[in-house]
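*Asks:* Here my numbering is used: the first residue of the sequence shown is 2, the next is one more, and so on.
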Amino acid sequence: MANEKIEKFRRKLKEFEEKKREQAKIFKIDEVLADSNKTYEVYVPEIDAVVKYKKLTIGDLEDIKGKTDEEIAIRLLWKMLNKADPEITLEKVKQLPIEVATAILQKISAPLFQMQKQ
């Protein structure tokens, strides 16, 4: 009886996966690239402000290399903000109070971590 339930579940899972595959769209790099230049906004309640940023690309990795995790986090924050507002420099980001930088980084990186969990 337990084996029957397991087999039934496996069949349903296989049917579900096949249906999802049929409905999935074909990867088109130009669509992804067009979206990669989009400016996003996120409300950061800890600083009561809306922050504009853009997603990072593979090409941005060179700019965010660092020796320590902290340095990488600072460069990551700077690059995401700078892409949306070129007046934001690395030097200015380094002068942010730690609680402000942390709040912004947590908000703008949350979608990335949610995507990784899926």
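Virtual Cβ for every residue (Gly too), placed ideally from N, Cα, C.
#1: Could you name the residues of the same chain whose beta carbon sits closer than 8 Å to that of residue 12, not counting the 5 residues immediately before and after it, in chain order?
#2: Just list the beta strand (DSSP E) runs in the region 31-102, keeping only unbroken ones of 3 residues or longer that don't cross its boundaries, in chain order.
#3: In the structure shown, what three-state DSSP assignment does residue 27 receive?
#4: Compare the beta carbon distance of residue 104 and residue 78 with 7 Å and say whether it is the shorter of the two.
#5: To which residues of the same chain is residue 80 closer than 8 Å at the C-beta, ignoring the five residues directly before and after it?
#6: Ignore the nearest five residues each way along the sequence and tell me which others in residue 73's own chain have a CB closer than 8 Å to its CB.
#7: Please classify residue 100: is it buried, with 16 or more other beta-carbons within 10 angstroms of its beta-carbon, or exposed?
*Replies:* To lay it out plainly:
#1: Position 11 of the sequence shown, counting from 1, holds the residue named residue 12. Result list for residue 12: empty, nothing under 8 Å.
#2: 40-45, 50-55
#3: One-based indexing of the sequence shown puts residue 27 at position 26. Residue state, collapsed to three classes: coil.
#4: Residue 104 sits at position 103 when you count from the first residue of the sequence shown. Residue 78 sits at position 77 when you count from the first residue of the sequence shown. Their beta carbons are not under 7 Å apart, which means residue 104 does not touch residue 78 by this criterion.
#5: What you label residue 80 is simply residue 79 of the sequence shown in a count that begins at 1. Closer than 8 Å at the Cβ level, and outside the excluded window around residue 80, lie 57, 61, 64, 65.
#6: Here the question's residue 73 lines up with position 72 in the sequence shown. Closer than 8 Å at the Cβ level, and outside the excluded window around residue 73, lie 65, 66, 67.
#7: To locate residue 100, count along the sequence shown from 1; it is residue 99. Burial call: exposed.
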